[in-house]
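Below is one structure, written out as structure tokens; comments come after it.
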Amino acid sequence: MDKSVLEELETRRREAQESRPEALAKLHALGKLSARERVAALLDPGSFVEMGVHGRSGHQALRDRTPADGIVVGHGTIDGRVVYVAADDAVVIGGTRGRVGEVKISRVRAAALAHRAPFIALMEAGAARAQETFGAMAAGVGSRFGDHFRMSGRVPQVAAALGSAFGGPSFTAAQSDFVTLARGTGFLGMSGPLVVKVGTGEVVTSDEIGGAEVSSEVTGLADHIGETEQESLSAIRTFLSFLPSHCDELPPVAAPRPAALDTPEGRDRIRALIPDAGRQAYDMRKVLALIVDAGEVFQVRPRYGGNLITAFGRIQGEPVGFVASNPLVRGGILDEKTARKARKFIELCDAFHVPLVFMTDAPGFLVGPAIERQGMVSLAGRLLNVVYAASVPKITIVARKAIGLAYLALCGRVMNPDTLVAWPTAHFDVMGPEAGVELMHGKDIAAAEDPVQRRAEIMQKLKTESSAYEAAAMGLIDDVIDPGETRDVIIRSLAKVKASRTPGFKHRIDP
453 MDKSVLEELE TRRREAQESR PEALAKLHAL GKLSARERVA ALLDPGSFVE MGVHGRSGHQ
513 ALRDRTPADG IVVGHGTIDG RVVYVAADDA VVIGGTRGRV GEVKISRVRA AALAHRAPFI
573 ALMEAGAARA QETFGAMAAG VGSRFGDHFR MSGRVPQVAA ALGSAFGGPS FTAAQSDFVT
633 LARGTGFLGM SGPLVVKVGT GEVVTSDEIG GAEVSSEVTG LADHIGETEQ ESLSAIRTFL
693 SFLPSHCDEL PPVAAPRPAA LDTPEGRDRI RALIPDAGRQ AYDMRKVLAL IVDAGEVFQV
753 RPRYGGNLIT AFGRIQGEPV GFVASNPLVR GGILDEKTAR KARKFIELCD AFHVPLVFMT
813 DAPGFLVGPA IERQGMVSLA GRLLNVVYAA SVPKITIVAR KAIGLAYLAL CGRVMNPDTL
873 VAWPTAHFDV MGPEAGVELM HGKDIAAAED PVQRRAEIMQ KLKTESSAYE AAAMGLIDDV
933 IDPGETRDVI IRSLAKVKAS RTPGFKHRID P
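Basically this note's numbering = 1-based index in the sequence shown + 452.
This is how it looks when you write it as structure tokens:
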């Protein structure tokens, strides 16, 4: 082969992969990385193999301005496991998506599914390139929806909003299993400020539409907020460490590490954390940190519906998903946000065979006209269906309040948990004791010579009748345990179901 042929090949590769120095400097000044820098930071060093590097726009006038057609795709490894990646290149015509770029990203999504490996989208994309999708040509766009549908529940899907990712990329985020957004530079939403202004006349900022606060606290579209791009990329690696590469294998088990509850001091700390008074708050995050290996808890959507915690941790190296009340926020009550948050997290864990541990301390579902307008009955019903249907090992630990439908939503007895235990502080009822007393004994109390004393007597009687010991005496829970024994109970529960765990496709994971 003539030497000039190979020299031309090398030149073409270099030109496609080189970033213009002035464009790179501008990105760095904004605290951002280039597409290839993002890929390099995400993957194991030297593992990336690029696909479609010679891609260019099919529009002749744009060909010289579109190296790799504005998107870097390929495969590499994270912790030695193969993943597929697509990274938008924002310096190529403003990050707009071209038809060749769409072919490339569809190709890599198909490869992820065929080769049973996670798919990761590092997003900073404008709208579809107008020159290539005008008029009737637009009828051919939208392949991402079918791709994501086919991948859902079969391979993990991850998205990072590292720049403006309005429109199509936001739908990639919505259909992903984990979404991280870089504060100050990442944005998600149906349409950006310009489209909003044209469509409605309203002048808004990207941050108001879908910045860090909106996406993490209001819409819940972001599962994680990175203070920097590097933090977002690191979160992706952490998230994937808890999941298998595909649905036909069990989650990877890491080397076991000791937990605080392995020590007498740690057991004393968890006992001291739990107030006897049912209305007194405590931070369930601190409880989880005492239970898991090395105290490491990875929360999913921590800012959305903070009255319920959804998080990953490890028990003797094995990944576990926690769904836990947090009485520190709104008393741990369940509402529309917690219902949406718990439903998707449980579906994710079930699809990829991660055992679930429910930590219950919820006074019920929020009631009233405002919550009804959120469709609370439908949201609660859907959550109950998902909890019941989950076929992974389910372990329920009732810390204090197990009230009504909230108890069921947090995997009460009728949801068939493999293990169901309670701490001595637990109590069970169809509704909160105050409401129950008024409904059942209001007339009796009003007619009493001393209403205050009569109410106190009834409350004490109800406390005894709803206690963990009474539930155990009736065979409705498996045991009453010392909080210091919680980790041991989880370990034994996982061991007893180990032989029955079999991987395989179960279901999709809905947005």
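Heads up, the beta-carbon is just placed ideally off N, CA and C, and yes, glycines get one too.
Once DSSP output is grouped into helix, strand and coil, what is the label at residue i?
| i | result |
| --- | --- |
| ASP802 | helix |
| GLN768 | coil |
| ALA590 | Note that ALA590 scores 49 on pLDDT, short of 50, meaning its location in the model is unreliable; the coordinates nonetheless yield the value given after this. The answer is helix: DSSP assigns ALA590 an H, G or I state. |
| THR790 | helix |
| VAL932 | strand |
| LYS853 | strand |
| TYR921 | helix |
| VAL543 | coil |
| PHE797 | helix |
| TYR536 | strand |
| ILE761 | strand |
| SER456 | helix |
| VAL555 | helix |
| PHE817 | strand |
| ALA707 | coil |
| ILE823 | helix |
| THR463 | helix |
| ALA733 | coil |
| GLY662 | helix |
| SER668 | helix |
| PHE957 | coil |
| VAL560 | helix |
| SER777 | strand |
Among the candidates the options, whose CA atom is the shortest distance from the CA of residue i?
| i | options | result |
| --- | --- | --- |
| ASP675 | ASP728, GLN609, ASP745 | GLN609 |
| ALA617 | ALA573, ALA763, ASP599 | ALA573 |
| ALA664 | GLY653, VAL655, GLY678, GLU654 | GLY678 |
| LYS478 | PHE764, ALA542, GLY504 | ALA542 |
| GLU824 | LEU494, ALA564, ASP787 | ASP787 |
| LEU495 | GLY747, VAL534, PRO869 | VAL534 |
| LEU872 | ALA842, ALA925, ASP931 | ASP931 |
| HIS879 | PRO845, SER919, ASN868, ARG865 | SER919 |
| GLY605 | LYS948, GLN627, PHE774 | GLN627 |
| ALA803 | MET736, PRO869, GLN751, PHE694 | PHE694 |
| SER499 | HIS527, SER486, TRP875 | HIS527 |
| ASP521 | THR529, ASP531, TYR536, VAL505 | VAL505 |
| HIS480 | PRO716, ASP531, GLU681, GLU654 | GLU681 |
| LYS853 | LYS950, PRO473, THR812 | THR812 |
| LEU482 | THR637, VAL607, VAL781, GLY718 | THR637 |
| ARG719 | ASP629, LEU685, ARG944, ILE933 | ILE933 |
| VAL501 | ALA538, TYR921, PRO519, LEU485 | ALA538 |
So, using beta-carbon positions, are residue i and residue j closer together than 8 Å?
| i | j | result |
| --- | --- | --- |
| LEU835 | ALA794 | yes |
| ALA858 | LEU831 | no |
| LEU614 | GLU554 | no |
| PHE797 | LEU862 | no |
| ARG561 | MET603 | yes |
| ALA712 | LEU742 | yes |
| SER658 | GLY644 | yes |
| ILE785 | ALA814 | yes |
| PRO570 | HIS805 | no |
| THR632 | ALA687 | yes |
| THR877 | ILE726 | yes |
| GLY833 | THR848 | no |
| ARG549 | VAL524 | no |
| ALA763 | GLN751 | yes |
| PRO703 | PRO621 | no |
| VAL839 | MET867 | yes |
| ALA925 | ALA874 | no |
Please report the residue range of the beta strand (DSSP E) in which residue i lies.
| i | result |
| --- | --- |
| MET736 | Looking at the DSSP string, MET736 is not in any beta strand (DSSP E); the run it does join, the alpha helix (DSSP H), is 736-743. |
| ASP528 | Looking at the sequence shown, residue 528 is not Asp but Gly. Run containing GLY528: 523-530, per the beta strand (DSSP E) assignment. |
| VAL941 | Taken as a continuous stretch (DSSP letters only), VAL941 belongs to no beta strand (DSSP E), being part of the alpha helix (DSSP H) at 938-949. |
| PHE810 | 808-814 |
| PHE691 | No beta strand (DSSP E) holds PHE691; the alpha helix (DSSP H) holding it covers 681-693. |
| LEU872 | 871-874 |
| GLY678 | 676-678 |
| ILE572 | 571-575 |
| PHE880 | 879-881 |
Let's see if you can read the secondary structure: which residues bound the alpha helix (DSSP H) around residue i?
| i | result |
| --- | --- |
| VAL829 | 828-841 |
| ARG549 | Segment: none, ARG549 is in no alpha helix (DSSP H) and carries neither H nor E. |
| ALA724 | 716-725 |
With a threshold of 7 Å (Cβ to nearest heavy atom), would residue i be considered close to the ligand COA?
| i | result |
| --- | --- |
| ARG792 | Annotation note on the ligand COA: not contained in the displayed structure, which lists no ligands. |
So is residue i in contact with chain C if we call contact Cβ pairs under 8 Å?
| i | result |
| --- | --- |
| PHE618 | Looking at the structure shown, chain C is missing, and only one protein chain is on hand. |
Inset, instruction - Would you mind listing the beta strand (DSSP E) stretches within the region 613-659 that are 3+ residues and don't spill past its ends, in chain order? - result: As for any beta strand (DSSP E) of minimum length 3 sitting wholly inside the region 613-659, the runs are 616-618, 630-634, 639-641, ordered along the chain.
Inset, instruction - Please specify which runs of the alpha helix (DSSP H), each continuous and at least 4 residues long, are wholly inside the region 470-506, giving them in chain order. - result: Segments of the alpha helix (DSSP H) lying fully in the region 470-506: 473-481, 487-494.
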